[in-house]
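In my numbering, the protein residues as written are 36 to 351.
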């Protein structure tokens, strides 16, 4: 009886792995450094080693594994099993699903990593009650996934759903994609820290300097905490909520989901982030008085979202 699925989450720093039961229970995890500069062959070899490690940890027989789901950053063609372009891996036009199948003997499915996280949250997290939802991941960048009518929307060749690269402010802050003014340049955790450091240089009296004087780093957690007592930090957080809220309102107006789920590192702020976003969307959404509200929730799966989501590609 095949009851288990392996999930692989390929990141720029680590390749993470996990093995789950068909009901979503995570049994074991492992990770190895991503061999970014060593070619696709080493990536495939690393994935194979992680699979062997998980099977050894759990004692599960290979014949009990349904398959291997892989989440990769970048544009991924799920139908063809191809990573079209992944800047953090330095690869393009690579039939990764076929290569891993040949190496391991398991069936393989592959999708964009944010889409995988979305599927995982929809099937096993706080998205279980919804047929239409959007997951927005706020971390180094801004990513996301879109579920419409109980199906993952991926766009042409899996290149759609790039939530972080819709324009928020024409000619604004430089984004990593090459354009200026993208949502990612204002709403990622990276952007929040960069903006804070820039604003601190203009205000020598802000209490945020005390944080640095104590040899602590400026982090999103610090910024949100200091916003309770420091005028500059409060302004920065308020601006952050406004910018992110504008992006989420646009998504709501276009897709009208039942729920927006906030994931990624920034979601650790909990209701300090979720509550004001909930209010912002409720107050700015199109036809707010006459249409159903959009629920705003914190993601449930946390750091395991990528692995569980990748494995979820095999869970109907």
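All residues carry an ideal CB built from backbone N, CA and C; glycine is no exception.
Beta-bridge pairing by DSSP links residue 69 to no other residue. Shown here, residue 82 sits in a helix according to DSSP, grouped into three states. Secondary structure note for residue 44: its beta strand (DSSP E) is the uninterrupted segment 39 to 45. Residue 320 and residue 272 have their C-alpha atoms some 21 Å from each other.
Excluding sequence positions up to five before and after residue 340, its CB lies within less than 7 Å of the CB of 152, 155, 156, 298, 334, all in the same chain and listed in chain order.
For residue 260, the enclosing alpha helix (DSSP H) has its first and last residue at 255 to 261. Taking 7 Å as the cut-off, the beta carbon of residue 243 is found no closer than this to the beta carbon of residue 296.
Between residue 193 and the set 111, 289, 115, the nearest pair of CA atoms involves 111. Residue 286 sits buried, since 16 or more C-beta atoms from the chains shown fall within 10 Å of its C-beta. If you ignore the 5 residues before and after residue 37, its C-beta comes within less than 8 Å of the C-beta of 98, 99, 100, 101, all in its own chain and listed in chain order. Its chain contains 47, 123, 124, 125 as the residues whose beta carbon lies nearer than 8 Å to that of residue 71, once the 5 sequence neighbours on both sides are disregarded; these appear in chain order. In the three-state reduction of the DSSP assignment, residue 214 falls in the coil class, being assigned neither a helical nor a strand state.
When the five nearest sequence neighbours on each side are left out, the beta carbons in the same chain lying within less than 6 Å of the beta carbon of residue 262 are those of 268, 269, 272, in order along the chain. In the assembly as shown, residue 248 is an exposed residue. Its beta-carbon has fewer than 16 other beta-carbons within 10 Å. When beta bridges are read from the DSSP output, residue 302 appears opposite no residue. By the Cβ criterion, the segment 60 to 67 is in contact with the segment 83 to 94, since at least three pairs of Cβ atoms, one from each stretch, lie closer than 8 Å.
Residue 225 is positioned such that its CB atom lies no closer than 7 Å to that of residue 172.
Residue 133 sits away from residue 345, with the two beta carbons spaced by 7 Å or more.
By a beta-carbon distance limit of 8 Å, residue 222 does not contact residue 307. Their separation comes to about 15 Å. Residues of the same chain with a CB within less than 8 Å of the CB of residue 116, apart from the 5 flanking positions on each side, are 130, 131, 132, 133, 143, 144, 145 in chain order. Residue 198 sits close to residue 179, with the two beta carbons spaced by under 7 Å. Note on geometry: alpha-carbon atoms of residue 210 and residue 121 lie some 17 Å from one another. Contact between residue 293 and residue 259 does not hold, since the beta-carbon distance rounds to 27 Å and is not under 8 Å. In the structure shown, residue 95 falls within a coil segment according to DSSP collapsed to helix, strand and coil. As the crow flies, the alpha-carbon of residue 42 is around 11 Å from that of residue 56. Going by DSSP, residue 147 is part of the beta strand (DSSP E) stretching over 143 to 147. At a Cβ-Cβ threshold of 7 Å, residue 76 and residue 203 do not count as neighbours.
In the structure shown, the three-state DSSP call for residue 58 is coil. Excluding its 5 nearest sequence neighbours in each direction, residue 336 has C-beta neighbours in its own chain below 8 Å: 152, 155, 156, 159, 160, 298, 343, 344, listed in chain order. Assignment of residue 236 by DSSP, reduced to helix, strand and coil, places it in the coil class. Residue 107 is not a Cβ neighbour of residue 114, given a cutoff of 7 Å.
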